[in-house]
Amino acid sequence: MAVIINNTKNLIEFFMRSYIKDVNIAVDMTVGNGFDAQNILEIIKPKKLYCFDIQQKALDNSKNLLKDFSNYELILDNHRNFDKYVKDYVDFAIYNL
Numbered sequence: 001m002a003v004i005i006n007n008t009k010n011l012i013e014f015f016m017r018s019y020i021k022d023v024n025i026a027v028d029m030t031v032g033n034g035f036d037a038q039n040i041l042e043i044i045k046p047k048k049l050y051c052f053d054i055q056q057k058a059l060d061n062s063k064n065l066l067k068d069f070s071n072y073e074l075i076l077d078n079h080r081n082f083d084k085y086v087k088d089y090v091d092f093a094i095y096n097l
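At position 91 of the sequence shown (counting the first as 1) the number is 91 in this note's numbering, and the numbers step up by one without a gap.
Following this line, the structure appears as structure tokens:
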């Protein structure tokens, strides 16, 4: 059966469903409004997801979207500084600019 991938969202979801397994720590380097974070939490189910953004409004929107999950942390900082917050080995990271 052929898989039709007609946009970036579908590509990311296909990649996560097909290839990403056994994730303990995941990082959404540019969480924005939280849609990728939601997919990460639903599809690959990491033990912990760190979500970075430099805008409080983005984190507020993400918090609202992710209200049914508890295994994530929203961080108001640039993703360049992720090593200040994430001390464990990162199994999966995404940048969606």
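For each residue, glycine too, the CB sits at the ideal point set by N, CA and C. Since this is a predicted model, take the numbers as computed values, not measurements.
Rounded straight-line distance, which links the Cα of residue j to that of residue i
{"i": "V90", "j": "P46", "result": "10 Å"}
{"i": "Y85", "j": "I4", "result": "37 Å"}
{"i": "D88", "j": "L11", "result": "27 Å"}
{"i": "N6", "j": "R17", "result": "16 Å"}
Distance CB(residue i)-CB(residue j) smaller than 7 Å
{"i": "I75", "j": "D28", "result": "no"}
{"i": "S62", "j": "V31", "result": "yes"}
Residue from the options with nearest C-alpha to residue i
{"i": "Q56", "options": "N78, L41, N96", "result": "N78"}
{"i": "Y72", "options": "I4, R80, L59", "result": "L59"}
{"i": "L41", "options": "I54, N61, T8, K67", "result": "K67"}
{"i": "K24", "options": "K48, L65, M16, R17", "result": "This sequence places Asn at residue 24; Lys is not what is there. It is K48."}
Neighbour-count burial assignment, residue i, 16 or more Cβ in a 10 Å radius
{"i": "A2", "result": "exposed"}
{"i": "D22", "result": "exposed"}
{"i": "F92", "result": "buried"}
{"i": "Y19", "result": "exposed"}
{"i": "D53", "result": "buried"}
Closer than 6 Å: residue i CB and nearest the ligand FMN heavy atom
{"i": "F52", "result": "As presented, the structure is devoid of all ligands, the ligand FMN included, so that no description of it is given."}
Range of the contiguous alpha helix (DSSP H) that encloses residue i
{"i": "F35", "result": "35-39"}
{"i": "A58", "result": "56-65"}
Residue range of the unbroken beta strand (DSSP E) whose run includes residue i
{"i": "L11", "result": "Note, L11: premise wrong, no beta strand (DSSP E); alpha helix (DSSP H) at 8-19."}
{"i": "A2", "result": "Here A2 belongs to no beta strand (DSSP E), and DSSP marks it neither H nor E."}
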